[in-house]
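Peer 1:
Protein chains: 4
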Amino acid sequence: MVVVMAPEATQQDVDAVVELVRAAGGDAFVSRGVTRTIVGLVGDVDAFDALNLSNRRGVLDVVRISAPYKLVSREHHPDRSVIRVGGVPIGPDTLTVIAGPCAVESPEQTLAAAHMAKAAGASLLRGGAFKPRTSPYAYQGLGERGLRILADVRDETGLPVVTEVIDPASVELVAPYADMLQIGTRNMHNFALLQAVGTAGRPVLLKRGFGATIEEWLMAAEYIAQRGNLDIVLCERGIRTFETATRNTLDISAVPVVQRLSHLPVIVDPSHSGGRRDLVVPLTRAALAVGADGVMIDVHPDPRTALCDGDQAVTRPEIDDLAHIVAVLSPLMGRTLTRPRARAGVGPGTR
Amino acid sequence: MVVVMAPEATQQDVDAVVELVRAAGGDAFVSRGVTRTIVGLVGDVDAFDALNLSNRRGVLDVVRISAPYKLVSREHHPDRSVIRVGGVPIGPDTLTVIAGPCAVESPEQTLAAAHMAKAAGASLLRGGAFKPRTSPYAYQGLGERGLRILADVRDETGLPVVTEVIDPASVELVAPYADMLQIGTRNMHNFALLQAVGTAGRPVLLKRGFGATIEEWLMAAEYIAQRGNLDIVLCERGIRTFETATRNTLDISAVPVVQRLSHLPVIVDPSHSGGRRDLVVPLTRAALAVGADGVMIDVHPDPRTALCDGDQAVTRPEIDDLAHIVAVLSPLMGRTLTRPRARAGVGPGTR
Amino acid sequence: MVVVMAPEATQQDVDAVVELVRAAGGDAFVSRGVTRTIVGLVGDVDAFDALNLSNRRGVLDVVRISAPYKLVSREHHPDRSVIRVGGVPIGPDTLTVIAGPCAVESPEQTLAAAHMAKAAGASLLRGGAFKPRTSPYAYQGLGERGLRILADVRDETGLPVVTEVIDPASVELVAPYADMLQIGTRNMHNFALLQAVGTAGRPVLLKRGFGATIEEWLMAAEYIAQRGNLDIVLCERGIRTFETATRNTLDISAVPVVQRLSHLPVIVDPSHSGGRRDLVVPLTRAALAVGADGVMIDVHPDPRTALCDGDQAVTRPEIDDLAHIVAVLSPLMGRTLTRPRARAGVGPGTR
Amino acid sequence: MVVVMAPEATQQDVDAVVELVRAAGGDAFVSRGVTRTIVGLVGDVDAFDALNLSNRRGVLDVVRISAPYKLVSREHHPDRSVIRVGGVPIGPDTLTVIAGPCAVESPEQTLAAAHMAKAAGASLLRGGAFKPRTSPYAYQGLGERGLRILADVRDETGLPVVTEVIDPASVELVAPYADMLQIGTRNMHNFALLQAVGTAGRPVLLKRGFGATIEEWLMAAEYIAQRGNLDIVLCERGIRTFETATRNTLDISAVPVVQRLSHLPVIVDPSHSGGRRDLVVPLTRAALAVGADGVMIDVHPDPRTALCDGDQAVTRPEIDDLAHIVAVLSPLMGRTLTRPRARAGVGPGTR
C-alpha cells in the first residue's frame, strides 16, 4: 500500500500516518519529493484498511498494490485448478462443453435438447428451472418440476446437470438435483446467495455480473471460497457497454486476464453475450482459441417456440458446426475434449 | 409492437405473422415498402410477447413501442404519488432529506449522526445494520444489534428509520424495526428480495443498480408493485461508466426522465454517486435543482474512524451548507421542506 | 511516481531501476515489503516517463501520482481564471449564458434565434456554419455564408459570436468572423485542430469528447495552452454510457471535479447532453446549481423545421423559464448574470 | 421508417404526418391501436429525414428501420470485397498480418522490426511517423524523416507500408510514401480527414473510435467511400468500457457483426485493445478464430526502449508463437496466409 500525501500536508500529518501504521504492527517508509511525499506501507493490508488512512489529515490518496482476494488468487496457488462436476473435469488440460436449453419447458424438449447438446460435444447439461427475469411478466420457470425433469434427463443421457439458484432459500431444494449450481449474472453481487452456495456441497458456476469488473468478480468468488467451497468455475458472459448491436459485449480478454490472476477455471457463454444465434459459432471459436477452459451454449430443439431467449438458441445446423469446432480446436490448444460419461450417471455429486 | 420483415421474407412469411397475431386475439396491419415490409400489431402486448415473433421465418426484428411496466407507469396514473414513511411524506410538493451514517457502529455514533442529520434538514434517519460489501473481508454490519440501536435513536430523536435489507430471509427480522426498507444498488436485480419486500408491509427505497438502465430499474419497481406494495421511492445513486475521477457517474438526467415515465417519487444519493466528500454539497444542489423529491446523504460524527465509506461522509461544516441549501432551494422549487416530527415517534409504520 | 516491483524481482532488478532514475537526475527510495518492493521516485516526471520503466525487468507496474498536465492545472495557478469573449467575461464570479441555433440556416432564422437567446438571458450567440455530422448525408452547414450571417446578427444585436471550427485549414477562414472558436466533441482528440486554435488569437470553447475522461479533456486543453493560448473555456456536454433514455449522460459531477483540478472556467451544454427538449430546463437548473460558470443552449424559432438537432432546441415557453432560472440562481450562487453589451459591437476580438 | 404517434395525438396530427410524407413523394400506412397509432412510411428515407417528423405535433418517436449507410453496406453489395495494398490482398479468402513498430524511431529499429514482422508472418509493414498522442509532452514521431525510413525499409524487405495520417494537410505529404493510409482511433470522427483520404488514391485502414458504435464506424467509412474511395479496411481495436484491467475492451463480436453489415474487410488490432504484451498472442488467436480477415500487431526489437506503447509490443519469443498461430489457423478458417512479396517492391500503389 502506498499513501500519497497532499501538497499542503505538514510534517506532523506525515508523522501521524507513520505512527498509525506502526501501531497497527506495520512499517512505513517515507519518500519526500519536491511537491509530494509518499509513504510506502509494509505489513498486513487488512490491518491498514481498518485505519481509514484516506480520511486522515493531509492524505490525498491511498493506492492499493496487491489484490484484495486471497483464496482464489493465483499468487499463493500457482497451479491452475481442476474442478470436477459429476465426474467431468473442467480445467487447464481439458475443453468442456456445457449445453442445454435456457429454460426447462417439458420432458420432451429437455431430452431433445440434451441429445443436441451431446451431438455438439457437450459433457454437461445446463437447464434452468428457476429463471431470474427482468420483467415480472416474463416466463419464470417450472421450479421443482423442472428440476425433476433435469434429473430424469441426466439418468437417460448420462449428462450431469448444471442449474441455476436464484435465492438462498431455494439452495437446499435445488442442490440434491444438481451436479453444479449456477449463479447468474444478476446475482453475482447477491452476497447471501454466494454464501449459501459456499456451504451447499456442490461445485459452483459463477457468471460475471454484466456491470462488474474482473476484480469484483474474483471478490464474489472469494465470498464462496471463504465458506469452504473452492470448487468454483468462472463464466464470462459479456459486459454492458454503449454498443447496442449485440446484447452485451463479450469481454474475450477477460479469459487470459483471469487465468493469470486466479487458479480457477474460466469458461465463456457465447449465447448470452451476443444474444444472437448467428454469433454463437464465431464466438465459440474465439473463446476456445483465446484459451477458455470450456464454453456454455444455449440449444433448443425449436427456438421459434422457446419460452426464454429463443433468439440466441442454436439448433441444426449450428450443432454440427460446434461439434466440428470443438473437435478441431481441442488438440490445437493442447487440450482433451471432455467426453460424456459412457452410461447413465448414478446421481449428483459423483466425483 | 412493430414487426420488421427481412428483405428476403416471402408473402407466406408475412401471412404467417398476421395469422399468429390474429389467433392471439390481436390485429395486424401490413405496410409494404420497396425493400422492407412492416407489420403493425394492435392488441395485448403480453400475448404478442408469448408468440416469439422474432424467431419466426422472415422476421428481422420486433420493435416494442410501449413500456413493459404497467403498475409503476405514469401512463395510467398521471398524478405523481406521495409515499409516507413513518408519517413523513415524499412526493411532488415536498423536499425530503434522509441522512445518517452509512453503517451503524455504536449507539453514540448513531445518535450523534442523527443529530447531525437533523441539523442538515433531515426528517428521516438512514443507517445500515446489514452491509453488502464487495469484499468478504470488509465490515459487514452489526446485524440485529444495529437495528435495536436505530430503533432507540428513533425514539430519542423522532426520526423514522430507513435501513437496508440484503436477503429475503432477513426481511422478517428487519421490518419490525424499520419505517422503510432499502434495497441497495447490488440487489436491484435480486428478484427474490424484491418480491419479499413486496409483501413486508413497509415502504421501500429502491436504489438503481449501477449497471442498470432506467427501464430495468422501473421493471424492478414493478416486481415490488406486483406483490401489492406501491409504496416505492426510487433513488438514483450513480451509474458505472469509463470515468474514474468519481466512484460512479451521477445520472442527474434520470430524475426528470423517471418523473415523466413513472408516478413514483425519485430522490438522489449524492454521497455514493461521487464517493467523495467534496462533491456532496454541489451534487445535492444539482439534485434539488433538477427537481428531485429528496436526497439521501451520508453523515458521520468522525469520518476518519468510519467503518464504511468514510471518504464520502460529511460532517461540520458541510452540515451547515446542506441546511442552507435545502432551506433556500425548497421554496424556489415550489416545495415545502419536510420537517422532522415534533416529538419522538411511536414506532414504525405510523402513517 | 511509484514503481511497483513484481514478487519475483531480484535485488539486481531493483538496483537497475534506482540507477536509471538517478542517471536521469532523480532520486529513488526503496520500500521493501513482505511480498512486494516499491520504489518511490522524486524528480522530473517527464524524464522518468522517458525511461520506460514499466518495461524494465522485474517491474510490475508504474503508478503516476501527479497530473500529466501543467499549464491548465490549478496546482501552480490556484486562482480560477476569467476568460473574456468579445468583452463578455466567463469565470468564477459571473454566470454566462451562450445561446443560439445549432446550425445557421438563414439570416431571418439566425436573427430570430439571437433575439430568443437574449430573452433567455444570453450574452453570447452560438451558431454553427460548419457542422460535423455523423452521416455524410446530413446537413453540413452553410460554410462562409453562415459566418457572414453570424457577423451581421452580431452587429444587429451586440452579441459576440461563438462558432465551431472543424478543420485546421479553415481556422484562418473562421477566426476573423468569430469572437470565440468552438471545438466540438468529436474533435476533442483532433490534435492538429487543437494546435491550430492555439495560435488563432481567439478564445476557445473546448467541448469534452463523449468518450473522453476528464484527464484526457484537460490534456486536450493543455495542447491548446502549449501553443500560447490560455483563453480556454471547457464545456461538459455528456458522455456515452449504456443508458439509452437520453442521447448522452450529462456528467454533472465533472463541473466541481474540473474546477478543483484546473483554473479554467467550465460550462455545461444541457441541450446536447440530453438530446431532448423537455430536459433542457431541468438540466440547466442542475448545471447552475452545481456551480457551472455558464451554460450553452440550443434555441430555434421553429424547431419543427430545424435542419440540425431540432429535437433538443428550445423555443417559447422554455425561453421564459430559462430567463427566470438564470435570474434567480445567479445571486444564490454568488454570481452576477453577464448582461449583453449595451449596443452593437465593433467586431470580434474586442476585449 | 415507422412514426409512433403519442397517446394524445389527434386525427388531425396523424393526417398531417401522412400528408407530409405523401408531399415528399412517399406513402404512409396507418395502424390504429388501442392506445397508440403508428404510421409506416414507404419511400426515400433521406427525403423523410428532411421532414423532421419527430418534431411534428403528436409524434412520440420515429423509428428507423434500414441502415443509414449505403456504399459500404452489404445490402446492395452482397459479395465481400478484396482490398489490395501494394499488391497484397485483404479479404474473405486470405489472412493478412500487418506488423511493425508503433513509432518509427530510427532506420535500424525499423528494419529490425520489419524482419521480426516477416518472421511473424506479416506481409505488410506498419509504422508511425506522425503520432497522435494524448499528451503534448509525449513523443510525436519523426515526421517526414520517418516516412523516408519506412520507404527505405520497404525497398529492403519488400513489405508495403501502412502508416498513419493525422491531419488533412499532411495527407498529400504522406500519400506518396504510403501503400495504405491509416486513420487512428482518435480521428475516426475527424470528417475533414476522412474526406481527404477519400481522394488520396490510396487504400485506407480505418480504425474504430474507442467510443464509437459499429454504426458510427460504418458511417465514417461511408464518408471516405462517398469521395470515391471504396478501398477501405476496417480495424477493430477495442472500445472504452468500465473495465480497467485492460486498456480497452476488445469487441471481438464486432468482427462477425460488421462482416454481416458491410462488404468491407475487417481486421483486429490485439496490441492496442489489450495494451499488454501478454495478451497479444491469445487475442490474435481469438481474432483469427472469430473470422477476422487479418490482424495488426506492434513489434519492437527492444520494447524496453520503445518511445511509444512499449508495454504492448511483442518480441521474441512471441514472434514464434504468432508465426505458428497464423500458419495453423489459416487453413482451419479456409484462408490462405498472405505471403510477403518475393522481392523488394517498386514503390507504393502497385496493385
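Sequence order for the protein chains is A, B, C and D.
Sequential numbering from 1 applies to the first sequence in the UniProt record's numbering.
Sequential numbering from 1 applies to the second sequence in the UniProt record's numbering.
Sequential numbering from 1 applies to the third sequence in the UniProt record's numbering.
Sequential numbering from 1 applies to the fourth sequence in the UniProt record's numbering.
Each residue gets a CB set at the ideal place from its N, CA and C atoms; glycine is no exception.
Please read these numbers as outputs of a predicted model, since none were measured by experiment.
Kindly confirm or deny that the region 305 to 314 of chain A and the region 80 to 92 of chain A touch, where touching means at least three C-beta pairs closer than 8 Å.
Peer 2: The region 305 to 314 of chain A, when compared against the region 80 to 92 of chain A, does not touch it at the 8 Å Cβ threshold.
Peer 1: Thinking C-beta only, is Ala-175(D) closer than 8 Å to Gly-201(D)?
Peer 2: Cβ distance < 8 Å, so Gly-201(D) and Ala-175(D) count as in contact.
Peer 1: Got a sec, what are the start and stop residues for the alpha helix (DSSP H) Asp-293(C) sits in?
Peer 2: Here Asp-293(C) belongs to no alpha helix (DSSP H), and DSSP marks it neither H nor E.
Peer 1: With a 10 Å radius around its C-beta and 16 neighbouring C-beta atoms as the bar for buried, classify Gly-228(B) as buried or exposed.
Peer 2: Gly-228(B) should be labelled exposed.
Peer 1: Quick check on this structure: which residue in Leu-111(A), Met-116(A), Thr-37(A) and Ser-135(A) has the alpha carbon closest to the alpha carbon of Ile-224(B)?
Peer 2: Taking only the C-alpha atoms, the option nearest Ile-224(B) is Ser-135(A).
Peer 1: Assign Phe-48(B) to one of three DSSP states: helix, strand, or coil.
Peer 2: Helix.
Peer 1: Give a yes or no on contact between the region 276 to 287 of chain A and the region 249 to 268 of chain D, applying the rule of three or more CB pairs nearer than 8 Å.
Peer 2: They touch, by the three-pair rule.
Peer 1: Just the chain C side, please: which residues come within less than 7 Å of Pro-7(B) by C-beta, in chain order?
Peer 2: None at all; the shortest Cβ gap to chain C is about 21 Å.
Peer 1: Val-328(A) CB to nearest chain D CB: under 8 Å?
Peer 2: For Val-328(A), the answer is yes, since a Cβ of chain D falls inside 8 Å of its Cβ.
Peer 1: Only counting the same chain, and skipping five residues up and downstream in sequence, which positions put a Cβ closer than 8 Å to that of Thr-199(D)?
Peer 2: Excluding residues within five positions, the ones whose Cβ falls inside 8 Å are Arg-227, Gly-228 and Asn-229.
Peer 1: Give the straight-line distance between the Cα atoms of Val-326(C) and Val-299(B), rounded to the nearest whole angstrom.
Peer 2: Between Val-326(C) and Val-299(B), the C-alpha separation is close to 31 Å.
Peer 1: For Ala-103(C) and Lys-131(C), which I take to be in contact (beta-carbon distance under 8 Å), what is that distance rounded to the nearest angstrom?
Peer 2: Indeed they touch by this definition, with Cβ atoms about 6 Å apart.
Peer 1: Just to confirm my understanding: we take Gly-143(A), look at its own chain, exclude 5 residues before and 5 after, and list those with CB closer than 8 Å. What are they?
Peer 2: Ala-129 and Phe-130, listed in sequence order.
Peer 1: Starting from the beta carbon of Thr-241(C), find every residue of chain A whose beta carbon is closer than 7 Å, and list them in chain order.
Peer 2: Here the neighbours are Phe-242.
Peer 1: Taking all protein chains shown into account, do 16 or more other C-beta atoms lie within 10 angstroms of the C-beta of Glu-19(A), making it buried, or fewer, making it exposed?
Peer 2: Label assigned to Glu-19(A): exposed.
Peer 1: Using a Cβ distance threshold of 8 Å, determine whether the region 50 to 59 of chain B contacts the region 9 to 25 of chain B, with at least three qualifying pairs required.
Peer 2: Yes, since at least three Cβ pairs between the region 50 to 59 of chain B and the region 9 to 25 of chain B fall closer than 8 Å, the two stretches touch.
Peer 1: Tell me, please, which residues DSSP counts as bridged to Thr-37(D).
Peer 2: Thr-37(D) pairs with Arg-32(D).
Peer 1: Give the straight-line distance between the Cα atoms of Gly-274(D) and Gly-209(D), rounded to the nearest whole angstrom.
Peer 2: Each residue's Cα considered, the two are about 15 Å apart.
Peer 1: Are the region 24 to 34 of chain A and the region 26 to 45 of chain C in contact at 8 Å, needing three or more beta carbon pairs?
Peer 2: Verdict: yes, contact present.
Peer 1: Does the region 7 to 14 of chain D come close enough to the region 56 to 67 of chain D that 3 or more CB-CB pairs lie under 8 Å?
Peer 2: Contact holds: three or more Cβ-Cβ distances are below 8 Å.
Peer 1: Compare the C-beta of Phe-48(B) against all C-beta atoms of chain D and say whether one is closer than 8 Å.
Peer 2: It does not; no Cβ of chain D falls within 8 Å.
Peer 1: Fully enclosed by the region 139 to 225 of chain B, which alpha helix (DSSP H) runs are 4 residues long or longer?
Peer 2: Listed in chain order, the complete alpha helix (DSSP H) runs (minimum 4 residues) inside the region 139 to 225 of chain B are 144 to 157, 168 to 174 and 191 to 197.
Peer 1: Under DSSP, the alpha helix (DSSP H) around Val-326(B) begins and ends at which residues?
Peer 2: Run containing Val-326(B): 318 to 332, per the alpha helix (DSSP H) assignment.
Peer 1: Please confirm whether Gly-349(D) has its beta-carbon closer than 8 Å to some beta-carbon of chain B.
Peer 2: Only weak support is given to the placement of Gly-349(D): the predicted model assigns it a pLDDT of 44, under 50, and the value that follows is read from those uncertain coordinates. By this cut-off, Gly-349(D) is not an interface position.
Peer 1: 8 Å is my cut-off, CB to CB: does Glu-216(C) come that close to chain D?
Peer 2: Judged by the 8 Å Cβ criterion, Glu-216(C) is in contact with chain D.
Peer 1: Assign Met-116(D) to one of three DSSP states: helix, strand, or coil.
Peer 2: Three-state result, Met-116(D): helix.
Peer 1: Using a beta-carbon distance cut-off of less than 7 Å, what residues from the region 107 to 134 of chain C approach chain D?
Peer 2: Of all residues in the region 107 to 134 of chain C, Pro-132 and Thr-134 have a Cβ within less than 7 Å of some Cβ in chain D.
Peer 1: Consult DSSP for Ala-99(A) and reduce its assignment to one of helix, strand or coil.
Peer 2: It is a strand residue.
Peer 1: Give a yes or no on whether 8 Å exceeds the smallest Cβ distance from Arg-208(C) to chain A.
Peer 2: No, no contact with chain A.
Peer 1: If you follow the alpha helix (DSSP H) that Leu-20(B) is part of, which residue opens it and which one closes it?
Peer 2: Per DSSP, Leu-20(B) belongs to the alpha helix (DSSP H) from 11 to 23.
Peer 1: Should Val-346(A) go down as buried or exposed, given a rule of 16 or more other Cβ atoms within 10 Å for buried?
Peer 2: Residue placement at Val-346(A) is poorly supported in this model, since its pLDDT is 48, which falls under 50; the coordinates are not used for a value here.
Peer 1: Per DSSP, which one or two residues make a beta bridge with Glu-236(C)?
Peer 2: Bridge partners of Glu-236(C): Val-268(C).
Peer 1: By the three-class DSSP mapping on this structure, what secondary structure does Pro-89(A) have?
Peer 2: DSSP places Pro-89(A) in strand when its eight states are reduced to three.
Peer 1: Interface residues of chain C around His-189(D) at Cβ under 8 Å?
Peer 2: Ordered by position in chain C, the residues that pass the 8 Å Cβ test against His-189(D) are Pro-132, Thr-134, Arg-186 and Asn-187.
Peer 1: Taking only the alpha-carbon atoms, compute the straight-line gap between His-189(B) and Arg-148(B) and give it to the nearest angstrom.
Peer 2: Rounded to the nearest angstrom, the two C-alpha atoms are 28 Å apart.
Peer 1: Helix, strand or coil, according to DSSP, for Thr-94(A) in the structure here?
Peer 2: Three-state DSSP puts Thr-94(A) in a strand.
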